[in-house]
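Residue numbers (our numbering): 35 to 198.
The C-beta atom is built at its ideal place from N, Cα and C for all residues, glycine as well.
Single-structure report; data block below.
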Amino acid sequence: TAETNSTEVTRDAGLATAILITHLAIERNKRCILAYHIHRAQLFCRIAWAPIPATPNEFPNGSSNTTAALAAAQQQTHLPPHDQRFLLEYRKLIADYKGHFLDIDIGAALVPPKDAFITVRVLRDVGQIVLSDGSVVTMMKGTQRYMKRSDVESLIRRGYLQHV
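Shown next, in the form of structure tokens:
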């Protein structure tokens, strides 16, 4: 019976080793999947929060995070439907959050602009806009103006104006 006892112990040790190796493999795969999921979620957050630059040189040193986020945003149509839904819902949450800060643009770039005033060309008729100093300016297609950057930055982002 000592012989059968030693084979049971050997078989139990083999089974325990197999169970341990399987468990460790499952834990490793779980960590890899969670890391991948976190990486994708962070990428979508960067895409949703990334300020769209008015000019290509607006972000210093090429800012790889912003560059990657903008490149990913341009290829958003290639995302699977569930990722597009996530991005859409996340942008809605951001817009709702930003709505509480009407006098502050919390989505603006953290890097201050190099020039306070810039020359812009009107690409599409905008009509009359009210500037920060209270004056009203008519923006007609084809005209150029020297204006305060903060007054026209959102119009540049939307494609109505071009920084010259």
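Practice task
Decide if residue 135 is buried, meaning its Cβ has at least 16 other Cβ atoms within 10 Å, or exposed.
Solution key: exposed
Practice task
Measure from the alpha carbon of residue 159 to the alpha carbon of each residue in 70, 65, 172, 79, then state which is nearest.
Solution key: 172
Handout entry: Contact set for residue 170: own chain, Cβ-Cβ below 6 Å, skip 5 residues either direction
Key = 162, 164
Handout entry: Residue span of the alpha helix (DSSP H) that contains residue 112, given as start and end
Key = Premise fails: residue 112 is in no alpha helix (DSSP H) and is neither H nor E.
Practice task
Enumerate in chain order the residues of its own chain whose CB-to-CB distance from residue 177 is below 6 Å, with the five nearest sequence positions on each side excluded.
Solution key: 156
Handout entry: Reference residue 123; option with closest CA among 190, 81, 174
Key = 81
Practice task
To the nearest angstrom, report how far apart residue 190 and residue 175 are at their CA atoms.
Solution key: 13 Å
Handout entry: Beta-carbon proximity list for residue 185, same chain, < 8 Å, skipping 5 on both sides
Key = 163, 165, 166
Practice task
Find out if the Cβ-Cβ distance for the pair residue 154, residue 196 is shorter than 8 Å.
Solution key: yes
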